[in-house]
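Note sheet for the following structure.
Number of protein chains: 2
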Amino acid sequence: MPSAARHPAEAGGQASVLGNLSPMALLVAKFGGSSVADADRIKRVAERVVESRRDGNDVVVVVSAMGDTTDELLDLAEQVSPLPPARELDMLLTAGERISMALLAMAITTLGAEARSFTGSQAGVITDSAHGKARIIDVTPGRIRAALDEGAIAIVAGFQGVSQDTKDITTLGRGGSDTTAVALAAALNADACEIYTDVDGVFSADPRIVPDARHIDRISYEEMLEMAACGAKVLMLRCVEYARRYTVPVHVRSSFSSKPGTWVTEIPEAQLVEQAIIRGVAHDLSEAKVTVVGCPDKPGVAAAVFRAVADADVNLDMIVQVGSVAGSGRTDISFTAPKADGRTALTALAKVQAEIGFERTLYDDHIGKLSLIGAGMKSHPGVSARFFGSLADAGINVEIISTSEIRISVVVRDTDLPSAVRAVHGAFELGDPDGGGVVYAGTGR
Amino acid sequence: MPSAARHPAEAGGQASVLGNLSPMALLVAKFGGSSVADADRIKRVAERVVESRRDGNDVVVVVSAMGDTTDELLDLAEQVSPLPPARELDMLLTAGERISMALLAMAITTLGAEARSFTGSQAGVITDSAHGKARIIDVTPGRIRAALDEGAIAIVAGFQGVSQDTKDITTLGRGGSDTTAVALAAALNADACEIYTDVDGVFSADPRIVPDARHIDRISYEEMLEMAACGAKVLMLRCVEYARRYTVPVHVRSSFSSKPGTWVTEIPEAQLVEQAIIRGVAHDLSEAKVTVVGCPDKPGVAAAVFRAVADADVNLDMIVQVGSVAGSGRTDISFTAPKADGRTALTALAKVQAEIGFERTLYDDHIGKLSLIGAGMKSHPGVSARFFGSLADAGINVEIISTSEIRISVVVRDTDLPSAVRAVHGAFELGDPDGGGVVYAGTGR
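Sequence order for the protein chains is A and B.
Numbered per UniProt numbering, the first sequence spans residues 1 to 445.
Numbered per UniProt numbering, the second sequence spans residues 1 to 445.
Here is the structure:
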């Protein structure tokens, strides 16, 4: 359990804004591509950062590439090569953060504060050699600490590192800048990692679908992990995993306002059980359902199907095996996987069709996944009754079900998804503006 | 004196083309911004480089940033900061070469050859800490050599290095990519450094002014130094100085044709004296003339004037002191300096006006400088008679004169410059298409 200084959200109840945590806090603040999309926005970020520095904080800023820079660079790469080598693609893409971080350092200097920018390599972000999706092995932020000790604001390129083995430049893949920020916060033992984005934080559902979705002030790492895994785009799974492992308090907030965002922190087990909180409803339209029809109903067949798909580097999500039709000796196996990997999964299955002996594959990309998340549900069995009751009342057919201790997920028709989200959100009264997180106790409220 | 292998131009008389030097030569080839301005040009460069590799050469390619990239980055910098810190400006601008080198490596890989790109830092280009105009202290190209040993083409970012003291990214300033190429060629003991540009090499005069200007096949380091210092833009002074110091044979040639260019090499003294070659006429419109009027005619005054200007970091070029008007005790001092430094020079002089006691300054930016260059002239006194005779015959008034052992320079009205260049070029018959360099012997031909 970290000290009180590392959990500022716990001290006052009200989530703090950057710069008002406590005198001389050490903050790592990450600004995404839309926050540094042009010169004017970079200057606004500079003002915000300098204000925090003048309040007495030590500030490390992690930046993504400006707006569309990465797409423009990818487009150039495509023009010279249909399949660019991964090492060179990383070399190319890392130019994007180099541009934004240098411009931010300039803008800060112009405001009279001292700033120094550092590449991932200079910041000590050491990774493995998996170009395009490198994993952070170690962070040795000696130059960052030196810059802070000299009173400067340190600006660090997100999304990039240097390979421990080859010394080549690597990129961390999707959500990489968030992960850079959390990893630096952990290595520097920062008081908080602030993730600036284009929304005010995490909500009880997507406000575009549920107009009365409620802002979540505080959420546990475990709940945020489930939210991220189930389609909430505000934080990447990897970044939350990293934050949980090193107990880094994360503050997700808007770069366009000074409102408090959502704190992702450790929440004591006792507190969670007692309050039985349901956090929110996440949804995901990015997956498709693959059905392997007519598999021989004998041991090892399901394993062979899943191994073939996994070997092709496709992440399986929800899985269901329909019991065999009496006497046929055959069974169907369904799973969901990212639509982007649909072709890969089908190709991998086709290769093992003869060997496994299934009849055919079906591919359905008109599905939607809905997940209810809350650490409270594990000790309150009434939750699932209410969950499925609300879907039934709304006339929604459930195709696949999967659960964890703090989550229930279902697959429905994609056209049913919005009304399903609203039904569940309403059934648990998540939109109630008076609740500090809806308190759900047992079978009724 | 280098071995024959290091002086390919000497072996055959005819300058070789890239890839036809000798089997398994080690070549460093530099392509400027216009050669890599878009995806299509990058692919053309890739083809050229791969062809050379397939001919059996080891190839290191140094690239500049694509076309207008540097200007676009400077424009962004200006938008966020009126006076960007030099360290951050270097961080920003070096993104340009990172983009072009990664794209070139991709394009080469697509053609089936192996390529690896390296930043200045990765290539071992160690500099001092003078951001924006760093000087190369050392080159430790271990990773380049390893890439070559593994059969890869090494692509290196020009114009950039890493500071020995601070480990910060530096840029080498104007002509930096040429200098990177020559420095790498020296460190790798390459057989030649090929500088690809948008012209076919060095000419006896600017072909835009002198239509029958002759292509120069071979020129000594010393002559090329004078040419570069006197306005020939094809190679930067710094790069030639570096090449001379390490005896790197430089081949300046067009990236848009396969014609032989101009070899800049060591040429034995005996050969030069014997042939008495006049190489060409250079001109320069980038300077202005400053006149300090009414200086006290006593020892130390000229030194005080020049010190004031030099302390402001202005490079003085040609200097003349007009003898004092009889009895006045006053004299005028004139010098030329880059127009870009005009304001700086005048401001520096204004500060010391009272102390030195001169009357006023005059500023004239309508001047042009013409220089005749050739290692042969030092032992042939008839050269200057013919030089000044040709200007007099053309009715051109000479304002300042300066000479070295292998150069005569004059300042004239800028409007007189084209006819002055043509007059001198014609007087020495430099346009003669039969000459292999015009042989000028004594007082006649």
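Glycine included, every Cβ here is placed at the ideal spot set by N, Cα and C.
Interface residues of chain B facing serine 117 of chain A [CB-CB closer than 7 Å]: Here the neighbours are Glu88 and Met91.
DSSP three-state assignment for glycine 357 of chain B, whether helix, strand or coil: In this structure, glycine 357 of chain B counts as coil in the three-state DSSP scheme.
Contact belief for leucine 89 of chain A with glycine 132 of chain A at Cβ below 8 Å, rounded distance in angstroms: Right, the Cβ-Cβ distance comes to about 6 Å (below 8 Å), so this counts as a contact.
Rounded Cβ spacing between leucine 93 of chain A and isoleucine 42 of chain A (contact assumed at less than 8 Å): Rounded to whole angstroms, the Cβ separation of leucine 93 of chain A and isoleucine 42 of chain A is 19 Å, and the two are not in contact under 8 Å.
Nearest-angstrom Cβ-Cβ length linking tyrosine 221 of chain B and valine 281 of chain B, presumed shorter than 8 Å: Not quite, the Cβ-Cβ distance comes to about 19 Å (not below 8 Å), so this is no contact.
Which listed residue (A:Leu370, A:Ile400, A:Arg307 and A:His380) has its alpha carbon closest to that of histidine 425 of chain A: It is A:Leu370 whose Cα lies nearest to the Cα of histidine 425 of chain A.
Spatial distance of isoleucine 408 of chain B from isoleucine 373 of chain B (CA atoms): Their Cα atoms are separated by approximately 7 Å.
Per-residue contacts from leucine 103 of chain A into chain B (C-beta, under 7 Å): Per Cβ cutoff of 7 Å: Leu76, Ala77, Val80 and Leu92.
First and last residue of the uninterrupted beta strand (DSSP E) at glutamate 194 of chain B: Where glutamate 194 of chain B is concerned, the enclosing beta strand (DSSP E) stretches over 192 to 197.
Proximity test, Cβ basis, 9 Å: leucine 294 of chain B and chain A: Looking at the sequence provided, one finds glycine at residue 294 of chain B rather than leucine. Residue-level contact check: glycine 294 of chain B does not touch chain A, since none of the beta carbons of chain A fall below 9 Å from its beta carbon.
Proximity test, Cβ basis, 9 Å: arginine 135 of chain A and chain B: When Cβ-Cβ separations below 9 Å define contact, arginine 135 of chain A makes no contact with chain B.
Where methionine 24 of chain A falls, given that 16 or more other Cβ within 10 Å makes a residue buried: By the 16-neighbour rule on beta-carbons within 10 angstroms, methionine 24 of chain A is exposed.
N-terminal and C-terminal residue of the alpha helix (DSSP H) that lysine 289 of chain B is part of: Premise fails: lysine 289 of chain B lies in the beta strand (DSSP E), 287 to 296, not in any alpha helix (DSSP H).
Cβ of arginine 98 of chain A within 9 Å of any chain B Cβ: Output row for arginine 98 of chain A: interface = yes.
Local conformation of proline 8 of chain A per DSSP, three classes: With a pLDDT of 40 at proline 8 of chain A, under the threshold of 50, the predicted position of this residue should be treated as unreliable, and no value is reported.
For histidine 215 of chain A, three-class secondary structure by DSSP: Strand, per DSSP.
Nearest-angstrom Cα separation, counted from histidine 251 of chain B out to threonine 69 of chain A: For threonine 69 of chain A and histidine 251 of chain B, the distance between alpha carbons rounds to 36 Å.
Residue-chain proximity (isoleucine 153 of chain A, chain B), Cβ-Cβ < 9 Å: Cβ-Cβ to chain B under 9 Å: no for isoleucine 153 of chain A.
Nearest to glutamate 405 of chain B (by Cα), restricted to the options B:Ile278, B:Arg307 and B:Pro207: A check of alpha carbon separations from glutamate 405 of chain B across B:Ile278, B:Arg307 and B:Pro207 identifies B:Ile278 as the nearest.
Beta bridge counterpart(s) of serine 117 of chain B as assigned by DSSP: Bridge partners of serine 117 of chain B: B:Ile155.
The stretch 70 to 81 of chain B / the stretch 127 to 142 of chain B touching (three or more Cβ pairs under 8 Å): Fewer than three Cβ pairs drawn from the stretch 70 to 81 of chain B and the stretch 127 to 142 of chain B lie within less than 8 Å of each other, which leaves the two stretches out of contact.
Residue 447 of chain B, buried or exposed, once every other Cβ within 10 Å from all chains shown has been counted against 16: No information on residue 447 of chain B is available, as it lies outside the stretch 1 to 445 that chain B covers here.
Sequence ranges, beta strand (DSSP E) only - wholly within the stretch 48 to 105 of chain A, length at least 3: As for any beta strand (DSSP E) of minimum length 3 sitting wholly inside the stretch 48 to 105 of chain A, the runs are 58 to 63, ordered along the chain.
Chain-order list of residues whose beta-carbon lies under 6 Å from that of arginine 445 of chain B (same chain, five-residue window excluded): Because arginine 445 of chain B sits at a pLDDT of 23, beneath the cut-off of 50, its placement in the model cannot be relied upon, and the point is left open.
Length of the line joining the Cα atoms of glycine 442 of chain B and alanine 394 of chain B: Low confidence applies here, because glycine 442 of chain B scores a pLDDT of 31, under 50, leaving its location unreliable and the question unanswered by this model.
Unbroken beta strand (DSSP E) run spanning glycine 201 of chain B, endpoints: Careful: glycine 201 of chain B lies outside any beta strand (DSSP E) and carries neither H nor E.
Lysine 216 of chain B at chain A interface by Cβ criterion, 9 Å: First, the amino acid is wrong: residue 216 of chain B is isoleucine here, not lysine. Not an interface residue.
Residue from A:Lys298, A:Leu316, A:Pro299 and A:Asp297 whose Cα sits closest to the Cα of phenylalanine 306 of chain A: Checking every option, the nearest Cα to that of phenylalanine 306 of chain A belongs to A:Leu316.
Contact set between the stretch 25 to 50 of chain B and chain A, restricted to residues whose Cβ is under 9 Å from the partner: Considering only beta carbons, the part of the stretch 25 to 50 of chain B lying closer than 9 Å to chain A consists of Asp38, Ala39, Asp40, Ile42, Lys43 and Ala46, in chain order.
Runs of beta strand (DSSP E) wholly within the stretch 352 to 398 of chain A (minimum 3 residues, chain order): Within the stretch 352 to 398 of chain A, the complete beta strand (DSSP E) runs of at least 3 residues are 360 to 364 and 367 to 373.
Methionine 66 of chain A beta carbon less than 9 Å from that of valine 45 of chain A: Going by C-beta atoms, valine 45 of chain A is not nearer than 9 Å to methionine 66 of chain A.
Residue interval of the alpha helix (DSSP H) (run including aspartate 311 of chain A): Bounds of the alpha helix (DSSP H) holding aspartate 311 of chain A are 301 to 311.
Closer than 7 Å at the beta carbon, the chain A residues around alanine 113 of chain B: Close partners of alanine 113 of chain B in chain A (Cβ separation under 7 Å) are lacking, with about 11 Å as the shortest Cβ gap.
Within chain A, the residues that alanine 95 of chain B reaches when beta carbons sit closer than 7 Å: Residues of chain A passing the Cβ test: Ala95, Arg98 and Ile99.
Alpha-carbon to alpha-carbon, threonine 180 of chain B and methionine 236 of chain B: So the alpha carbons of these two residues sit roughly 12 Å apart.
CB contact below 9 Å: alanine 107 of chain A versus chain B: Yes, its Cβ sits closer than 9 Å to a Cβ of chain B.
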